[in-house]
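Trainee:
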Amino acid sequence: MVLPWLMVFYKLHKIDLWLQVKPVPKPQEACLLGCAIPTGYGSAVRTARVERSSTCAVWGLGGVGLAAILGCRDQGAARIIGVDVNTDKFDLGRHIYRT
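Under my numbering, the first residue of the sequence shown is numbered 1, with each subsequent residue one higher.
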């Protein structure tokens, strides 16, 4: 499926916490900690402000989407619906949050 458009949402935040990770990870692994996880988790916790017992839908079950599922789970969502065109990703989504 090819989309004729692309939307990108971003927000800059001041970071008051620094991490030192040892041993130094490969760039492919470090990018998850520096981008996908804060973006997805923050979108559920800070931007969407998921409330306890709510129902959430997450489009895309890549790094950002899976982190959004974690944010929804930690906020107490009762039901999380994962949507992706790649059906191979559903098992990992179910493993992170069984719903």
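C-beta atoms are modelled at their ideal positions from N, C-alpha and C, and glycine is treated no differently.
Cα separation between L61 and G40?
Mentor: Taking the sequence shown and counting its residues from 1, the one referred to as residue 61 is at position 61. Taking the sequence shown and counting its residues from 1, the one referred to as residue 40 is at position 40. Between L61 and G40, the C-alpha separation is close to 10 Å.
Trainee: Apply the 10 Å Cβ neighbour rule to C35 and answer buried if 16 or more other Cβ atoms are within range, or exposed otherwise.
Mentor: The residue given as residue 35 occupies position 35 in the sequence shown. Per the 10 Å Cβ criterion, exposed.
Trainee: Are I37 and A77 closer than 8 Å when you measure CB to CB?
Mentor: Along the sequence shown, one-based indexing puts residue 37 at 37. Along the sequence shown, one-based indexing puts residue 77 at 77. Result no, Cβ atoms of I37 and A77 do not sit closer than 8 Å.
Trainee: Helix, strand or coil for R73? Go by DSSP, reduced to three states.
Mentor: Numbered from its first residue, the sequence shown carries residue 73 at position 73. Of the three classes helix, strand and coil, the one that applies to R73 here is helix, per DSSP.
Trainee: R79 by DSSP, collapsed to three states: which one?
Mentor: On the sequence shown, residue 79 is found 79 positions in, with the first residue counted as 1. Correct three-state label for R79: strand.
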